[in-house]
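Line order of the protein sequences matches chains A and B.
Heads up: the first sequence is residues 286 to 712, going by this note's numbering.
Heads up: the second sequence is residues 145 to 310, going by this note's numbering.
Heads up: the structure comes next, in structure tokens.
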Amino acid sequence: MNSTLVSIVIFNIVMALIVSLVFVPVLVWMERRVAGFMQDRLGPNRCNIAGVRLGGLVQSFADMLKLVFKEDYRAGAVKEKMLFTLSPVIVFATAYLSFMAIPFADDLVIDDKSYIMQALPMEFGMLWILAFAGLGIYGLMLGGWASNNKYSLLGGIRAAAQVVSYEAVMGLSIVSMLIVYGSIHMGDMVRFQGNLVWGFIPAWGIIVQPVAAILFIITAFAETNRAPFDIAEGESEIVGGFHTEYSAMRFGLFFVGEYIAMGVASALIVTLFLGGYQIPWLNTEVLKNNITTIFAVLIVTIPILSYMFAGWIKKNNVWLDKNDARNRETKWLITGIVIINIIIILFLGIFLLFGIGENGVNISVAALQVMTFVVKLLMMNFFFIWVRWTLARFRYDQLQNLAWKVLLPIAIANVFITGTFVVMLGV
Amino acid sequence: MGVKIVPRHGDSLKEKLYLLAIVGGLKVTFSHFMKNLKDTSNIETICYPEEQPKDITSRYRGVHRLTKREDDSVRCVACFMCATACPAECIFIEAVEREDGVDEKMPSKFSIDLLECVFCGGCVEACPCDAIRMDTGIFSFVKKNREDFVLDRDTLLSHKPMKGSN
Chain A
286 MNSTLVSIVI FNIVMALIVS LVFVPVLVWM ERRVAGFMQD RLGPNRCNIA
336 GVRLGGLVQS FADMLKLVFK EDYRAGAVKE KMLFTLSPVI VFATAYLSFM
386 AIPFADDLVI DDKSYIMQAL PMEFGMLWIL AFAGLGIYGL MLGGWASNNK
436 YSLLGGIRAA AQVVSYEAVM GLSIVSMLIV YGSIHMGDMV RFQGNLVWGF
486 IPAWGIIVQP VAAILFIITA FAETNRAPFD IAEGESEIVG GFHTEYSAMR
536 FGLFFVGEYI AMGVASALIV TLFLGGYQIP WLNTEVLKNN ITTIFAVLIV
586 TIPILSYMFA GWIKKNNVWL DKNDARNRET KWLITGIVII NIIIILFLGI
636 FLLFGIGENG VNISVAALQV MTFVVKLLMM NFFFIWVRWT LARFRYDQLQ
686 NLAWKVLLPI AIANVFITGT FVVMLGV
Chain B
145 MGVKIVPRHG DSLKEKLYLL AIVGGLKVTF SHFMKNLKDT SNIETICYPE
195 EQPKDITSRY RGVHRLTKRE DDSVRCVACF MCATACPAEC IFIEAVERED
245 GVDEKMPSKF SIDLLECVFC GGCVEACPCD AIRMDTGIFS FVKKNREDFV
295 LDRDTLLSHK PMKGSN
């Protein structure tokens, strides 16, 4: 146990915490704001701490606080008290644990020793994720059954049937990806996507295997019980589905678990199909060789982007009442942006002038890749939200038809065709 | 004769693929999102307490007001027509003789209970001398106790007509 190993493990675990737990309020905020903007509404924008609104983000913390302090009511009809309490925990824990196998950056080499940049440094990532993806549904089923309520039971049954159907398709689309990548280690998969097809297209999963990508994205929506496949909750038909009987933080755990599951699904899609932490055309070797150029480019682009962002804030972050504390926020935000810019430019400038050792190059490449991963993850999460506020919910029979009669045959055919190609080309 | 054949949709390959239609829908929502993200003033939403609605028409029936004569005295002659017409029986008038010779009677008390009022405009219709109107545009009245909702003569006289109406 040396200090490098410990600090890298701590960094990775904190990273996993950030992209799962800390992202939940951000995702809730994104969901509500994006929904608002798509429907020509404003969304939450009033909540503030001493005038700081952060575009309404504070509202999410207020909501979470409310859930924590609400009365935790459990109906007298609930007999299976243990399972009733356990089920939100299962949903939350499995969703959170799935994040452990997602690589945030390429293997970090420090003093000629390589460290895997995952929360749990293991090389069987895909199996881990498949195991936990299937487990999460137990939470919904148990919750629906233990509630001793017909609507909850219906919600649980729907969730179970849906996930069982779509898990088959999801598994088959993953099989075709495994044939292409030839590994179950997530790091290897992302490293494969750093190559180029025919010398100019990044070999991302979505380009190598477009059919599997579409299948996986569709099934990921179904797995996370999000629109257009959110019949397990089906407000218009079965009240709240499996969480009808839940309140306060027990409901809160379901809620948080659902958003973490969305994050996991996004992270999986990013890792499997969208190149993971890879910046297009710039894989790890290229980044390491051209680190000074990249620093120079960053020094130029970051202030320009910040300037544009500050302009946007000035234009849009206004409050009609001139004396309100919320009107002071713009000034603070812009000062903050300027300070951050100065710090970044100072550091990058020092690196450029005095150079950084080999470890420094490796660490800065890893930092760049982590940032790329987070940006891609947020964009994929945005896609999830975008689809939710565009499409209507499927009817139950349509959902099952889609899974068994359309997606499954396509998935099986895709596995066969991929296998044939791989064998014929002898890759 | 007279039979209209309605074309059926959803049989062509393009429609069965769904994905093209989904992409079309995504484009619509994204264009709305970008338009509103670039400039939030594109959104029609009114930030209510700070921003008041601007689309109240001159015919909107708000809280009542008593109109005045040229010499700023009350126009009402306490004829009780409005109180008689009122279906909610929320108008309470006490009449006194008018001493200044402008008219014969005037109300010494004229109160309207807003909690009873149904805002039907019957009093305005009934008034023979245009003494009561509902053109203030006041749509929100919040008080701390029941008694405050009974508006007296001076309050009703102090209400101003909404801008743009006469």
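All C-beta atoms, glycine included, are put in the ideal place defined by N, C-alpha and C.
(request) Indicate whether the contact test is met: 3 or more Cβ pairs, each with one atom in the segment 361-378 of chain A and one in the segment 427-436 of chain A, closer than 8 Å. (result) yes
(request) In angstroms with no decimal places, state the Cα-to-Cα distance between Ile282/B and Glu248/B. (result) Position 138 of the second sequence, counting from 1, holds the residue named residue 282/B. Position 104 of the second sequence, counting from 1, holds the residue named residue 248/B. Each residue's Cα considered, the two are about 32 Å apart.
(message) Below 8 Å on C-beta distance, what does Lys754/A contact in chain B?
(response) What the structure shows of chain A is the stretch from 286 to 712, and residue 754/A is not part of that stretch, so it cannot be assessed.
(request) Please confirm whether Ala651/A and Ala301/A have their CB atoms less than 9 Å apart. (result) Here the question's residue 651/A lines up with position 366 in the first sequence. Here the question's residue 301/A lines up with position 16 in the first sequence. Not closer than 9 Å, so no.
(message) For a contact defined as C-beta to C-beta under 7 Å, what are the partners of Val319/A on chain B?
(response) Position 34 of the first sequence, counting from 1, holds the residue named residue 319/A. Per Cβ cutoff of 7 Å: Phe177.
(message) Threshold first: 4 residues or longer. Then list the alpha helix (DSSP H) segments lying entirely within the segment 435-485 of chain A, N to C.
(response) 435-466 and 471-477
(message) Check for me: the beta strand (DSSP E) holding Val603/A runs from which residue to which?
(response) In the first sequence, the residue the question calls residue 603/A occupies position 318. Looking at the DSSP string, Val603/A is not in any beta strand (DSSP E), and its letter there is neither H nor E.
(message) Given a cut-off of 9 Å on the beta-carbon distance, is the pair Gly560/A and Gly640/A in contact?
(response) Against the first sequence, residue 560/A aligns to sequence position 275. Against the first sequence, residue 640/A aligns to sequence position 355. Against a cut-off of 9 Å, the Cβ pair of Gly640/A and Gly560/A comes out as no contact.
(request) With Ser252/B as the anchor, note down where its beta strand (DSSP E) starts and where it stops. (result) Along the second sequence, one-based indexing puts residue 252/B at 108. Its beta strand (DSSP E) spans residues Lys249 to Asp257.
(message) Using 8 Å as the cut-off, can you tell me whether the segment 456-471 of chain A makes contact with the segment 408-418 of chain A, which would need three or more C-beta pairs spanning the two stretches below that distance?
(response) yes
(request) State the DSSP-derived secondary structure class of Val294/B, mapped to helix, strand or coil. (result) In the second sequence, counting from the first residue as 1, residue 294/B sits at position 150. If DSSP states are grouped into helix, strand and coil, Val294/B belongs with the strands.
(message) Whole angstroms are fine: how far does the CA of Gly548/A sit from the CA of Phe527/A?
(response) Position 242 of the first sequence, counted from the start, is the residue given in the question as residue 527/A. Position 263 of the first sequence, counted from the start, is the residue given in the question as residue 548/A. Going by the C-alpha atoms only, they are around 21 Å apart.
(message) Rounded to whole angstroms, what is the Cα-Cα separation between Val201/B and Val286/B?
(response) In the second sequence, the residue the question calls residue 201/B occupies position 57. In the second sequence, the residue the question calls residue 286/B occupies position 142. Sequence inspection shows Thr at residue 201/B; the Val mentioned does not correspond to that position. A direct Cα-Cα distance of roughly 22 Å separates Thr201/B from Val286/B.
(message) At the level of alpha carbons, what is the spacing between Phe417/A and Val465/A?
(response) Locating residue 417/A in the first sequence gives position 132, counting from the first residue. Locating residue 465/A in the first sequence gives position 180, counting from the first residue. Approximately 23 Å, taken between the alpha carbons.
(request) Grab the span of the beta strand (DSSP E) containing Glu238/B for me, first residue to last. (result) Counted from its first residue, the second sequence places residue 238/B at position 94. From DSSP, the beta strand (DSSP E) with Glu238/B extends over Ile235 to Glu241.
(message) Below 8 Å on C-beta distance, what does Gly169/B contact in chain A?
(response) Mapped onto the second sequence, residue 169/B falls at position 25. Here the neighbours are Thr675 and Leu676.
(message) If you reduce the DSSP assignment to three classes, tell me which class Arg680/A lands in.
(response) Residue 680/A sits at position 395 when you count from the first residue of the first sequence. The answer is coil: DSSP assigns Arg680/A none of H, G, I, E or B.
(message) Is there a Cβ of chain A sitting closer than 9 Å to that of Thr173/B, yes or no?
(response) Residue numbering aside, residue 173/B sits at position 29 when the second sequence is read from its first letter. Cβ-Cβ to chain A under 9 Å: yes for Thr173/B.
(request) Identify the contact partners of Asn180/B in chain A, using a Cβ-Cβ distance below 7 Å as the criterion. (result) Numbered from its first residue, the second sequence carries residue 180/B at position 36. What Asn180/B touches in chain A: Phe322 and Asp325.
(message) Measuring straight from C-alpha to C-alpha, what distance separates Phe346/A and Val691/A?
(response) The residue labelled residue 346/A in the question sits at position 61 within the first sequence. The residue labelled residue 691/A in the question sits at position 406 within the first sequence. Spanning the two alpha carbons is a distance of roughly 42 Å.
(request) Tell me, please, whether the CB atom of Asn186/B is closer than 9 Å to any CB atom in chain A? (result) For the purposes of this step, residue 186/B is taken as the residue at position 42 of the second sequence. Yes, its Cβ sits closer than 9 Å to a Cβ of chain A.
(request) Take Val167/B as the anchor and find which of Thr675/A, Leu427/A, Gly704/A and Arg331/A has the nearest alpha-carbon. (result) For the purposes of this step, residue 167/B is taken as the residue at position 23 of the second sequence. If we check each option's Cα against that of Val167/B, Thr675/A comes out closest.
(message) So, with DSSP's three-state summary, where would you put Val276/B?
(response) Translated into the one-based positions of the second sequence, residue 276/B becomes position 132. According to the sequence shown, residue 276/B is Ile rather than Val. The answer is strand: DSSP assigns Ile276/B an E or B state.
(message) Does the CB of Trp689/A have a neighbour CB from chain B at under 9 Å?
(response) Position 404 of the first sequence, counting from 1, holds the residue named residue 689/A. So, not an interface residue.
(message) Using a 10 Å radius around the Cβ and a threshold of 16 neighbouring Cβ atoms, would you call Lys307/B buried or exposed?
(response) The residue you call residue 307/B lines up with position 163 of the second sequence. That one is exposed.
(request) Quickly, what does DSSP pair Val394/A with across the bridge? List them, please. (result) Taking the first residue of the first sequence as position 1, residue 394/A is located at position 109. Val394/A is bridged to Ser399/A.
(request) Please specify which runs of the beta strand (DSSP E), each continuous and at least 3 residues long, are wholly inside the segment 172-238 of chain B, giving them in chain order. (result) none
(request) Confirm, please, whether the CB-CB distance from Thr173/B to Met277/A is below 9 Å. (result) Chain A is shown from 286 up to 712; residue 277/A falls before or after that span and cannot be answered.
(message) What does the alpha-carbon distance come out to for the pair Leu295/B and Cys273/B?
(response) Within the second sequence, residue 295/B is the residue found at index 151, counting from 1. Within the second sequence, residue 273/B is the residue found at index 129, counting from 1. Those two C-alpha atoms are separated by around 21 Å.
(message) Out of Glu241/B, His176/B, Asp257/B and Leu258/B, which one is the CA nearest neighbour of Met250/B?
(response) Against the second sequence, residue 250/B aligns to sequence position 106. The candidate whose alpha carbon is nearest that of Met250/B is Glu241/B.
(message) Cβ closer than 7 Å: which chain A residues qualify as neighbours of Ile166/B?
(response) For this step, residue 166/B is matched to residue 22 along the second sequence. Under the 7 Å cutoff, chain A gives Leu676.
(message) If I measure Cβ to Cβ from Thr556/A and keep anything under 8 Å in the same chain, skipping five residues before and after, which residues do I get?
(response) Within the first sequence, numbered from 1, the residue matching residue 556/A stands at position 271. Cβ within range, chain order: Ile387, Pro388, Met471, Met474 and Val475.
(message) Beta carbons nearer than 7 Å to chain B: which residues of the segment 500-517 of chain A have them?
(response) none
(message) Under 9 Å, Cβ to Cβ, is there at least one residue of chain B near Asn433/A?
(response) Here residue 433/A is taken as the residue at index 148 of the first sequence, counted from 1. Output row for Asn433/A: interface = no.
(request) Between the Cα of Val449/A and those of Asn510/A, Asn699/A, Phe536/A and Ala581/A, spot the shortest distance and give me the residue it belongs to. (result) Numbered from its first residue, the first sequence carries residue 449/A at position 164. Among Asn510/A, Asn699/A, Phe536/A and Ala581/A, the Cα nearest to that of Val449/A is on Asn510/A.
(message) Here's the rule: buried if 16 or more other CB atoms are within 10 angstroms of the residue's CB, otherwise exposed. What is Pro151/B?
(response) To locate residue 151/B, count along the second sequence from 1; it is residue 7. When all chains shown are included, Pro151/B counts as exposed.
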